[in-house]
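Engineer: After the structure tokens below, expect a handful of questions from me.
Here's what the structure looks like:
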């Protein structure tokens, strides 16, 4: 496939950055969540 | 033992629920579908060649960034309106802006990669590119303003006003290709009654928009819940500090 490097790079940037953002959100939430009992979370 | 496992699992799934887990699975399947169609199944474009495959990430990224910024403005308006004032709206606004900045960044980078293949350059000070970069920087500024000091309500008020001003840039970005001479092509699908795109390419583009929307909803739910936890911890910290100060005053 012509221009494969650019095409793969665009998919890597897209899903890589979304994956990193997701990982950061979940990790931060877990860190804070340890200090909040499950019954205090409005969505549980 | 089983109760202990269930309790540990509940503690670990801090911002997750049955709905978000189901949504996450559907989204992952959607991503696999989009990537396989975008890279292998759809044909090359007659003019753009293989580089058209970048569009399946670039266009949904731009549309979702617009959506995220509109949600930020709507939630901010709901906070600023006295009858519906709640910090929950402000947290939705903040979470949506963060995701919008992520999607706008993706759209900018994938657009630069596509531009290198199609125009021969990563960047040019074209009307669409310049206004998009300006929109991106505006929302990075919005996130910076959210992190200034003050109470939660002060944060919500000042960022709410900024969000209502910033959203006005979106029509400028969208119509920049019509308002000025632009290298960037006009919309191929939105607002176009005569779409000449290949059926499979059009389907993949719509699939991209749907998958990115699912990702957006999943991230929004988790991020605004994480912000809720953060605000709860801030309040607890403030209460503890006030209690310590009172105890200090009594001891004197």
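Protein chains in written order, with our numbering: chain Y, 1 to 44; chain D, 1 to 252. Where a beta carbon is used, it is the ideal one built from N, C-alpha and C, also for glycine. Remember, predicted model here, so these are calculated numbers, not experimental data.
Do you know offhand how far residue 46 (chain D)'s Cα is from residue 178 (chain D)'s?
Structural biologist: By 1-based counting over the second chain, the position of residue 46 (chain D) is 46. By 1-based counting over the second chain, the position of residue 178 (chain D) is 178. Their backbone Cα atoms lie some 24 Å apart in a straight line.
Engineer: Could you tell me which residues DSSP puts in a beta bridge with residue 49 (chain D)?
Structural biologist: Within the second chain, residue 49 (chain D) is the residue found at index 49, counting from 1. Beta-bridge pairing links residue 49 (chain D) to D:45.
Engineer: Using a Cβ-Cβ cutoff of less than 6 Å, which residues in the same chain neighbour residue 57 (chain D) once the five nearest sequence positions on both sides are dropped?
Structural biologist: Along the second chain, one-based indexing puts residue 57 (chain D) at 57. Excluding residues within five positions, the ones whose Cβ falls inside 6 Å are 110.
Engineer: Is the CB-CB distance between residue 95 (chain D) and residue 142 (chain D) below 8 Å?
Structural biologist: Translated into the one-based positions of the second chain, residue 95 (chain D) becomes position 95. Translated into the one-based positions of the second chain, residue 142 (chain D) becomes position 142. Against a cut-off of 8 Å, the Cβ pair of residue 142 (chain D) and residue 95 (chain D) comes out as no contact.
Engineer: Let me see if you follow: with CB-CB separation under 8 Å, is residue 23 (chain Y) close to chain D or not?
Structural biologist: Numbered from its first residue, the first chain carries residue 23 (chain Y) at position 23. False, the Cβ-Cβ gap to chain D never drops below 8 Å.
Engineer: Does the Cβ-Cβ distance between residue 14 (chain D) and residue 29 (chain Y) come in under 8 Å?
Structural biologist: By one-based count along the second chain, residue 14 (chain D) stands at place 14. By one-based count along the first chain, residue 29 (chain Y) stands at place 29. Yes.
Engineer: At what residues does the alpha helix (DSSP H) containing residue 171 (chain D) begin and finish?
Structural biologist: Within the second chain, numbered from 1, the residue matching residue 171 (chain D) stands at position 171. Residues 169-179.
Engineer: On the criterion of 16 or more Cβ atoms from any shown chain inside 10 Å, does residue 122 (chain D) qualify as buried, or is it exposed?
Structural biologist: Taking the second chain and counting its residues from 1, the one referred to as residue 122 (chain D) is at position 122. So residue 122 (chain D) counts as exposed.
Engineer: Would residue 222 (chain D) count as contacting chain Y if we go by Cβ distances under 8 Å?
Structural biologist: Walking along the second chain from the start, residue 222 (chain D) turns up at place 222. Yes, residue 222 (chain D) lies at the interface with chain Y (some Cβ there is under 8 Å from its Cβ).
Engineer: Round the Cβ separation of residue 200 (chain D) and residue 35 (chain D) to the nearest angstrom and send it over; I've been treating them as touching at under 8 Å.
Structural biologist: In the second chain, residue 200 (chain D) corresponds to position 200, counting from 1. In the second chain, residue 35 (chain D) corresponds to position 35, counting from 1. About 15 Å separates the two Cβ atoms, so there is no contact after all.
Engineer: Which residue's Cα is closest to the Cα of residue 131 (chain D): D:144, D:182, D:152?
Structural biologist: Your numbering for residue 131 (chain D) matches position 131 in the second chain. Residue D:182 is the option with its Cα nearest to residue 131 (chain D).
Engineer: Kindly say whether residue 155 (chain D), judged by its beta-carbon, lies nearer than 8 Å to any beta-carbon of chain A.
Structural biologist: In the structure shown, chain A does not exist; the protein chains are Y and D.
Engineer: Would you be able to state if there are at least three C-beta pairs under 8 Å between the segment 156-172 of chain D and the segment 104-120 of chain D?
Structural biologist: no
Engineer: Verify whether the separation of the beta carbon atoms of residue 65 (chain D) and residue 103 (chain D) is less than 8 Å.
Structural biologist: In the second chain, the residue the question calls residue 65 (chain D) occupies position 65. In the second chain, the residue the question calls residue 103 (chain D) occupies position 103. Yes, they are a contact pair.
Engineer: What residue from Y:4, Y:3, Y:12 has the CA that sits closest to residue 106 (chain D)'s CA?
Structural biologist: The residue given as residue 106 (chain D) occupies position 106 in the second chain. Considering only Y:4, Y:3, Y:12, the residue with the shortest C-alpha distance to residue 106 (chain D) is Y:12.
Engineer: For residue 204 (chain D) versus residue 30 (chain D), is the C-beta spacing smaller than 8 Å?
Structural biologist: Locating residue 204 (chain D) in the second chain gives position 204, where the first residue counts as 1. Locating residue 30 (chain D) in the second chain gives position 30, where the first residue counts as 1. It is not a contact, given that the beta carbons lie outside the stated cut-off.
Engineer: Got a sec: which bits of the segment 100-127 of chain D sit with their beta carbon under 8 Å from any beta carbon on chain Y, in order along the chain?
Structural biologist: 102, 105, 106, 109, 110, 113, 114, 116, 117
Engineer: To the nearest angstrom, how far is it from the Cα of residue 15 (chain Y) to the Cα of residue 234 (chain D)?
Structural biologist: Taking the first residue of the first chain as position 1, residue 15 (chain Y) is located at position 15. Taking the first residue of the second chain as position 1, residue 234 (chain D) is located at position 234. Computed Cα separation, rounded: 32 Å.
Engineer: Restricting to Cα atoms, I'd like to know which of D:250, D:212, D:232, D:247 is closest to residue 23 (chain D).
Structural biologist: In the second chain, the residue the question calls residue 23 (chain D) occupies position 23. For residue 23 (chain D), the nearest C-alpha among the options comes from D:212.
Engineer: Contact between the segment 71-79 of chain D and the segment 150-166 of chain D: three or more CB pairs below 8 Å?
Structural biologist: yes
Engineer: Going along the segment 79-101 of chain D in order, which residues come within less than 7 Å of chain Y, judged by CB to CB distance?
Structural biologist: none
Engineer: Tell me whether residue 33 (chain Y) is buried or exposed, calling it buried when 16 or more other Cβ atoms sit within 10 Å of its Cβ.
Structural biologist: For the purposes of this step, residue 33 (chain Y) is taken as the residue at position 33 of the first chain. Taking all protein chains in view, the Cβ of residue 33 (chain Y) is crowded by 16 or more other Cβ atoms within 10 Å, so the residue is classified as buried.
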